[in-house]
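Working notes for the structure below.
Protein chains: 2
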Amino acid sequence: MTSSRSVRAQARPLASARRDSVPSALAVNTPTSTRGFALDPRSPYTRITEPTGTSCTPPVAMNSPSNAHPELLDSSTLSITFAQFLWRSSPINGTEIATTGRSFMGPLYRGNVDAMKNVRWGIMGAGRIASALVEAVRQVPGGEVVTIGSSSRERAEAFADLHDIPGRHATHEDVARDPNVDIVYVATTNDLHHANTLAALERAKPVLCEKPFALNHRQAKEMVAAARERNVFLMEAMWMRFQPAISRLEAIVRSGRLGEIHSIQANFGFLAGPHPSGRLFDRSLGGGTVMDLGVYVVTFATMLLGAPDRIIATAEMSDEGIDEQAGIVLHHRNGGLSTLSTSFVADSNMEAFVSGSDGHVRVHAPFHHSPTLSIERRGTVVETIDTSYQGSPYRFEVEEVHRCLLKGATESPRMSLDDTLMVMRTLDRIRDRIGLTFPGE
Amino acid sequence: MTSSRSVRAQARPLASARRDSVPSALAVNTPTSTRGFALDPRSPYTRITEPTGTSCTPPVAMNSPSNAHPELLDSSTLSITFAQFLWRSSPINGTEIATTGRSFMGPLYRGNVDAMKNVRWGIMGAGRIASALVEAVRQVPGGEVVTIGSSSRERAEAFADLHDIPGRHATHEDVARDPNVDIVYVATTNDLHHANTLAALERAKPVLCEKPFALNHRQAKEMVAAARERNVFLMEAMWMRFQPAISRLEAIVRSGRLGEIHSIQANFGFLAGPHPSGRLFDRSLGGGTVMDLGVYVVTFATMLLGAPDRIIATAEMSDEGIDEQAGIVLHHRNGGLSTLSTSFVADSNMEAFVSGSDGHVRVHAPFHHSPTLSIERRGTVVETIDTSYQGSPYRFEVEEVHRCLLKGATESPRMSLDDTLMVMRTLDRIRDRIGLTFPGE
Numbered sequence: 036m037t038s039s040r041s042v043r044a045q046a047r048p049l050a051s052a053r054r055d056s057v058p059s060a061l062a063v064n065t066p067t068s069t070r071g072f073a074l075d076p077r078s079p080y081t082r083i084t085e086p087t088g089t090s091c092t093p094p095v096a097m098n099s100p101s102n103a104h105p106e107l108l109d110s111s112t113l114s115i116t117f118a119q120f121l122w123r124s125s126p127i128n129g130t131e132i133a134t135t136g137r138s139f140m141g142p143l144y145r146g147n148v149d150a151m152k153n154v155r156w157g158i159m160g161a162g163r164i165a166s167a168l169v170e171a172v173r174q175v176p177g178g179e180v181v182t183i184g185s186s187s188r189e190r191a192e193a194f195a196d197l198h199d200i201p202g203r204h205a206t207h208e209d210v211a212r213d214p215n216v217d218i219v220y221v222a223t224t225n226d227l228h229h230a231n232t233l234a235a236l237e238r239a240k241p242v243l244c245e246k247p248f249a250l251n252h253r254q255a256k257e258m259v260a261a262a263r264e265r266n267v268f269l270m271e272a273m274w275m276r277f278q279p280a281i282s283r284l285e286a287i288v289r290s291g292r293l294g295e296i297h298s299i300q301a302n303f304g305f306l307a308g309p310h311p312s313g314r315l316f317d318r319s320l321g322g323g324t325v326m327d328l329g330v331y332v333v334t335f336a337t338m339l340l341g342a343p344d345r346i347i348a349t350a351e352m353s354d355e356g357i358d359e360q361a362g363i364v365l366h367h368r369n370g371g372l373s374t375l376s377t378s379f380v381a382d383s384n385m386e387a388f389v390s391g392s393d394g395h396v397r398v399h400a401p402f403h404h405s406p407t408l409s410i411e412r413r414g415t416v417v418e419t420i421d422t423s424y425q426g427s428p429y430r431f432e433v434e435e436v437h438r439c440l441l442k443g444a445t446e447s448p449r450m451s452l453d454d455t456l457m458v459m460r461t462l463d464r465i466r467d468r469i470g471l472t473f474p475g476e
Numbered sequence: 036m037t038s039s040r041s042v043r044a045q046a047r048p049l050a051s052a053r054r055d056s057v058p059s060a061l062a063v064n065t066p067t068s069t070r071g072f073a074l075d076p077r078s079p080y081t082r083i084t085e086p087t088g089t090s091c092t093p094p095v096a097m098n099s100p101s102n103a104h105p106e107l108l109d110s111s112t113l114s115i116t117f118a119q120f121l122w123r124s125s126p127i128n129g130t131e132i133a134t135t136g137r138s139f140m141g142p143l144y145r146g147n148v149d150a151m152k153n154v155r156w157g158i159m160g161a162g163r164i165a166s167a168l169v170e171a172v173r174q175v176p177g178g179e180v181v182t183i184g185s186s187s188r189e190r191a192e193a194f195a196d197l198h199d200i201p202g203r204h205a206t207h208e209d210v211a212r213d214p215n216v217d218i219v220y221v222a223t224t225n226d227l228h229h230a231n232t233l234a235a236l237e238r239a240k241p242v243l244c245e246k247p248f249a250l251n252h253r254q255a256k257e258m259v260a261a262a263r264e265r266n267v268f269l270m271e272a273m274w275m276r277f278q279p280a281i282s283r284l285e286a287i288v289r290s291g292r293l294g295e296i297h298s299i300q301a302n303f304g305f306l307a308g309p310h311p312s313g314r315l316f317d318r319s320l321g322g323g324t325v326m327d328l329g330v331y332v333v334t335f336a337t338m339l340l341g342a343p344d345r346i347i348a349t350a351e352m353s354d355e356g357i358d359e360q361a362g363i364v365l366h367h368r369n370g371g372l373s374t375l376s377t378s379f380v381a382d383s384n385m386e387a388f389v390s391g392s393d394g395h396v397r398v399h400a401p402f403h404h405s406p407t408l409s410i411e412r413r414g415t416v417v418e419t420i421d422t423s424y425q426g427s428p429y430r431f432e433v434e435e436v437h438r439c440l441l442k443g444a445t446e447s448p449r450m451s452l453d454d455t456l457m458v459m460r461t462l463d464r465i466r467d468r469i470g471l472t473f474p475g476e
């Protein structure tokens, strides 16, 4: 039994907003040290209060919950060229972030990144999401895609020609070996994330790895350990985490307007067919809704309510042995329930709801890059917030990677590796409940 | 594992709409016999096709899925006085309803109901829902509330005076003994439904019993057995079941417009506090969200997707030992997943979503008596349907009771006792998962 939160809810001011359970993702931008670096006062960044410590994310939404358009400040970074940054290294290595206990600043990472040059991206995998990242990088000043590696030279050549990329490699591993590459984007199928990421980290290449981060927690742990041992940047490409709507949502939750947060619903279902073919339906490639869609709803729920301590799930399995649909309930360690659903066969509402004792936020479809939030109370919409934007939805994660690399951070505090590991552990437990395993696990 | 529905979904026309799994509630109006009765051609009912067989519900929505406003036809019954009904008894007793195998027509029930007189209601329990039913009965021609019984004479007198009811009894049981009573409405706390209903049935009084029907399946089974043995009418007061929005929703599902139905979400959460007092929080009175709100979401899901074969649930328990919040996933025997949530502590969205391979219906808040349905497909609203009405939301169940009594039916085919038993069994299993028991169980 939990303690009687209904009683506490009376006694506590609404603005407390379950502060005792705000997970690390919401709290990392709280200054914990006066050590660290500051940006050049001439930098556009000086328009906002730069935290000291180890955060590499402009902490706009968190420090200014009443700010009308934090996403505009995100966009403002688009106008910053690398030359405008005054690169200042942290005088102290290993500054601790209180909420996670992890250091995001190892012995100063310099890697291949030079503040006066573009960040040079090399991509492993030549699929749809790789194309999307090429577009995103091109919308973000300070980056360029220099090479692509695929499972064959033909595929690499075709992709490179189509996207006008100078480099091309006949294997994924060649991208890791390429001296022109500053950061590797792992965009291969789920089953290859582990090996591809390790190949890059072994050569001290920073990595942005597509979600789901790995097939399981064990693989993820190895990847994280490899990055931490070498003090090399690693991040899960959970692009939802960097959406303007998510920053706004977090600010609303922290403002206490919803009272104490008790309940989350998120529903990620679309018709992935009609043909049950392709990687989503392929068990050998790490398919199924839990891996591809569950990773979103679990990240969404845990980013607001923290790690779960009870996990239940059931699913409908396809003849191919993957879950076509799943229903998941998380009980969070610090209280709150999340009721989550995923589907490849239902054209669903794709919304999320974050409900407190004094109202809820409707995260309009598609919730993972929502154009609109509504604050609703007792059946009435009390505020509608436009969180739409132009341009690639993936550019926000690219910006985060650039910020982190420029600061020498080895992790993003907004999508920390501890959070990724927690999500992977949760996915493991969900798969255990529904009886889904992958070959060679 | 279920069979590969993703493959079947391709092969089957969209309009098949999971016909193989349409539960009884959707199918009972299909004529299964030419036996039965017909209404007087002068009756307003002759505007619609009267089914033969044992249905006592005007089958408007089911037989005319394209009918724009079936609720208007429901409303038209308001203008029918009992004298306008030509009472015709079924020439054949025991006509079987194919989909349930149950007889809703025992040896012709005549009871105390006379077609030329009002149905005389006696109410056990003097709380809020009793007041609501008084109002509803007064909005439906052909009925009157003749007496009220409470736990004390004072409470009964106060209620009767307030509502201008002639009879009043110092105990609930006295209502069952009152010769002026045609039907007993059991509106006591959850823990008393079983005893109160049995007391009425023992005296061959028809009963409308508030939801949740009983504390558990065992009690419900005894109540149903008592009614069936005596061929006396009994129905769970699941008023949601008779809402215009629900009829429209069933018609949309049957029309095949959503393709095959795969997934349901329903969320019933509101702030029941701030004080954790009253029957909802009292374990000795059968409190908790599963009993009071779970009964709605489970009924909603099973009415569309049929009985569940896998049930998982987890909850947050209060210091008082009841569930303050619960998350429930049902896997339905014939396929489909329902992801359901209940809460007394979160001001939630109160919506339901019914999703098929070709779109979903949003059942707008409050879903259990929704004023609006939206048909949505791939993120776009393709149709909005007004299902609002004036007057008491409880009058539709009162109309159903009157129809059934007048026809001599011992069960409502729209809210059958088999469905009630299935829901109670499901609630038992949910309580088992969350560890909720009631004193004396």
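Protein chains in written order, with the working numbering: chain E, 36 to 476; chain V, 36 to 476.
Note that the Cβ used here is the ideal one computed from N, Cα and C, for glycine as well.
Status (buried if at least 16 other CB within 10 Å, exposed otherwise) for residue i
{"i": "E:Met352", "result": "buried"}
{"i": "V:Thr415", "result": "exposed"}
{"i": "V:Gly129", "result": "The predicted position of V:Gly129 is uncertain, since its pLDDT is 27 and thus under 50; a value taken from the coordinates is nonetheless stated next. Exposed: under 16 other Cβ atoms inside 10 Å."}
{"i": "V:Lys246", "result": "buried"}
{"i": "E:Lys442", "result": "buried"}
{"i": "E:Glu476", "result": "exposed"}
{"i": "E:Met258", "result": "buried"}
{"i": "E:Gly141", "result": "The pLDDT assigned to E:Gly141 is 37, lower than 50, so where the model puts this residue is not dependable; a value taken from the coordinates is nonetheless given after this. Looking at its Cβ environment, which holds 16 or more other Cβ atoms inside 10 Å, E:Gly141 is buried."}
Opening and closing residue of the beta strand (DSSP E) in which residue i lies
{"i": "E:His297", "result": "296-304"}
{"i": "E:Phe194", "result": "Looking at the DSSP string, E:Phe194 is not in any beta strand (DSSP E); the run it does join, the alpha helix (DSSP H), is 188-198."}
{"i": "V:Gln360", "result": "358-367"}
{"i": "V:His204", "result": "202-204"}
{"i": "V:Leu293", "result": "It is not in any beta strand (DSSP E) - V:Leu293 carries neither H nor E in the DSSP assignment."}
{"i": "V:Thr478", "result": "Since the displayed chain V opens at 36 and closes at 476, residue 478 of chain V lies outside it and no answer follows."}
{"i": "V:Val242", "result": "242-245"}
{"i": "V:Leu408", "result": "407-412"}
6 angstroms Cβ shell around residue i - same chain, five flanking residues per side excluded
{"i": "V:Asp213", "result": "Gly157, Thr182"}
{"i": "V:Glu269", "result": "What sits at residue 269 of chain V in the sequence shown is Leu, not Glu. For V:Leu269, where only same-chain residues beyond five positions count, the Cβ hits under 6 angstroms are Val242, Ala262."}
{"i": "V:Arg298", "result": "The amino acid at residue 298 of chain V is misidentified as Arg; the sequence shows Ser. Leu372, Ser390, listed in sequence order."}
{"i": "E:Trp274", "result": "Tyr429, Glu432"}
{"i": "E:Val364", "result": "Ile347, Thr374"}
{"i": "E:Gln300", "result": "Thr374, Phe388"}
{"i": "E:Arg188", "result": "Ala205"}
8 angstroms contact criterion, which residue i and residue j should meet: CB distance rounded
{"i": "E:Asn215", "j": "E:Leu250", "result": "About 30 angstroms; that fails the 8 angstroms criterion."}
{"i": "E:His395", "j": "E:Leu293", "result": "6 angstroms"}
{"i": "V:Thr377", "j": "V:Leu328", "result": "4 angstroms"}
{"i": "E:Arg276", "j": "E:Thr334", "result": "7 angstroms"}
{"i": "V:Ile164", "j": "V:Val325", "result": "Not really, about 18 angstroms apart at Cβ, beyond 8 angstroms."}
{"i": "V:Asn231", "j": "V:Asn302", "result": "So it is not a contact: roughly 31 angstroms between Cβ atoms."}
{"i": "V:Tyr220", "j": "V:Met159", "result": "7 angstroms"}
Close Cβ partners of residue i (< 7 angstroms) along its chain, the five nearest in sequence each way excluded
{"i": "V:Arg265", "result": "Leu236, Ala239"}
{"i": "E:Arg460", "result": "His252"}
{"i": "V:Arg190", "result": "Ala161"}
Boundaries of the alpha helix (DSSP H) in which residue i is found, first to last residue
{"i": "E:Asp463", "result": "452-469"}
{"i": "E:His229", "result": "228-237"}
{"i": "V:Arg212", "result": "208-212"}
Nonlocal neighbours in the same chain, by C-beta distance under 8 angstroms from residue i, ignoring five residues either side
{"i": "E:Asp382", "result": "Gly304, Phe305, Leu306"}
{"i": "E:Ala193", "result": "Ala161"}
Quick one: which residues of the stretch 348-376 of chain E get their C-beta closer than 9 angstroms to a C-beta of chain V? List them in chain order. Ala348, Thr349, Ala350, Glu351, Met352, Ser353, Asp354, Glu355, Gly356, Glu359, Gln360, Ala361, Gly362, Ile363, Val364, Leu365, His366, Gly370, Gly371, Leu372, Ser373, Thr374, Leu375, Ser376
When Cβ atoms are compared, which residues of the stretch 378-404 of chain E fall closer than 9 angstroms to chain V? Ser378, Phe379, Val380, Ala381, Asp382, Ser383, Asn384, Met385, Glu386, Phe388, Ser390, Gly391, Ser392, Asp393, Gly394, His395, Arg397, Ala400, Pro401
Beta carbons nearer than 7 angstroms to chain V: which residues of the stretch 270-302 of chain E have them? His297, Ser298, Gln300, Asn302
When you check each C-beta in the stretch 407-438 of chain E against every C-beta of chain V, which residues fall closer than 8 angstroms? Glu411, Arg412, Arg413, Gly414
Taking only beta carbons into account, state which residues of the stretch 327-345 of chain E come closer than 9 angstroms to chain V, listed in chain order. Arg345
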